[in-house]
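In this text, residue positions in the sequence shown follow the working numbering: the first is 2, and each later residue adds one.
Where is the CB? At the ideal position from N, CA and C, for every residue including glycine.
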Amino acid sequence: MSWSLFRWVWRLEAPLFVGMSPAGALNRCRPYVPARALWGAVTAEIARLKSGESFPNYEGVGGEVKRSCRFTYLFPAEKRDGRFLAWLPKFEKEKGLRWCLQDCGKSWSDRDFRRRLLDSRPGTAIVPESDSALEGSLRHTECIGPWWRDSNSQGETAAPVLLLGYVFWQDSNFHRQLQDIETLFIGGDTRYGLGKIRRIDTLSSDDNVFGKPVRPDREHPEIGSDIVLGHAPEGGGDEGMQGAKELLGGWDQRSPWKGGKLAWAPGSCDTSHTDEKPVYWSIDREGYWARRDDR
């Protein structure tokens with residue numbers, strides 16, 4: 002059964018925190034939303050809408066979403082000249098990680114891009130007996146802010162931060178449920194008001210993901226790209242890769258994952274590809290990218 006595809010565009014209505022390895026007293030934030038975090042938010046929303054007055058069946062709905070849907074990562078985006086354009090990561094030789102505006106050729110270093118996108122929120126633990134700050138507990142938490150911190154090409158001083166990604170689906174019932182979702186709460190600290198995003202655009206797109214070709218008729222949807230736009234667990238066939246690796250961990254069905262997964266980070270590149278035979282990657286149920294062997 003072939004996969005169908007549509008594009009999602011979301012607008013931040015509150016700061017969004019998706020954690021990564023901290024640096025001292027700073028809780029660092031990823032400048033993108035992983036597919037697993039998006040799956041969790043979608044599962045929670047659908048389960049609550051279907052539950053009525055009973056307790057939501059998060060585990061059952063989550064399994065159904067995994068079987069019927071595949072999500073790309075959500076990347077920061079802007080609207081320019083009537084088009085929604087995503088900022089995509091790419092490792093460049095001798096320059097490191099850079100962020101490139103889709104189809105425009107404009108790029109920023111990772112440091113400058115994070116400065117433009119992220120803000121921080123201070124926080125501290127409170128001593129109940131004295132209602133005062135606990136000594137040594139001051140922390141700062143990075144967040145993706147709802148507004149870009151500089152003007153854009155149209156001269157606006159406060160352009161909204163958007164998130165752009167794609168959804169593959171096979172079950173028409175789930176397609177209707179996904180289309181009905183208007184608001185999601187995603188990432189960490191949602192109980193404190195973080196992570197609210199609202200959908201502002203949905204577009205059917207049958208032939209590309211972030212401008213890359215798609216094979217929708219495979220067991221898992223496949224994307225032709227020399228850049229990994231998700232986490233790709235290391236393994237055979239990645240000798241031509243360059244970029245950064247990251248050790249992933251987490252929980253699944255109330256149990257921690259056994260061991261970690263060493264994976265290529267988003268933006269890592271395959272230097273062995275050719276224009277005649279592009280590299281294809283499949284997206285599995287967890288949102289990881291796996292390299293295909295039919296080069």
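On a CA-only basis, which of the options is nearest residue i? Give me that one, please.
i, options, result
"residue 123", "143, 168, 225", "143"
"residue 273", "265, 293, 239", "239"
"residue 101", "125, 119, 78, 233", "78"
"residue 91", "5, 286, 230", "230"
"residue 89", "82, 95, 81, 104", "104"
"residue 266", "82, 83, 33", "33"
"residue 51", "174, 113, 128, 249", "174"
"residue 201", "63, 217, 162", "162"
"residue 212", "57, 30, 172, 85", "85"
DSSP three-state label for residue i, please.
i, result
"residue 130", "coil"
"residue 170", "strand"
"residue 66", "helix"
"residue 43", "helix"
"residue 154", "Because the pLDDT of residue 154 is 46, which lies under 50, any placement of that residue in the model is unreliable, and the question is left without a value."
"residue 7", "strand"
"residue 218", "coil"
"residue 180", "helix"
"residue 235", "coil"
"residue 48", "helix"
"residue 113", "helix"
"residue 289", "coil"
"residue 60", "helix"
"residue 1", "Residue 1 is absent from the model: the chain starts at 2 and stops at 296."
"residue 125", "coil"
"residue 191", "helix"
"residue 29", "coil"
"residue 226", "coil"
Using a threshold of 8 Å, state whether the C-beta atoms of residue i and residue j are closer than that.
i, j, result
"residue 184", "residue 9", "no"
"residue 14", "residue 182", "no"
"residue 288", "residue 36", "yes"
"residue 148", "residue 159", "yes"
"residue 292", "residue 11", "no"
"residue 232", "residue 285", "no"
"residue 3", "residue 279", "no"
"residue 117", "residue 140", "no"
"residue 196", "residue 76", "no"
Closest Cβ-Cβ distance between residue i and chain B: below 8 Å?
i, result
"residue 104", "As a matter of chain content, chain B is missing from the structure shown, which is built from one protein chain."
Segment contact, 8 Å Cβ cut-off, at least three pairs: the region 225-237 with the region 181-195: The way I'd put it, the region 225-237 doesn't touch the region 181-195; fewer than three beta-carbon pairs between them come closer than 8 Å.
Is it the case that the region 33-46 contacts the region 234-247, given that we only count it when at least three CB pairs across the two stretches are under 8 Å? Between the region 234-247 and the region 33-46, the count of Cβ pairs shorter than 8 Å is below three; the stretches do not touch.
Closer than 8 Å is the cut-off here; do at least three beta carbon pairs connect the region 64-81 with the region 166-182? Enough Cβ pairs lie closer than 8 Å, so yes.
Say whether the region 13-30 touches the region 207-216, bearing in mind that this needs 3 or more beta-carbon pairs closer than 8 Å, one atom from each stretch. The region 13-30 is not in contact with the region 207-216.
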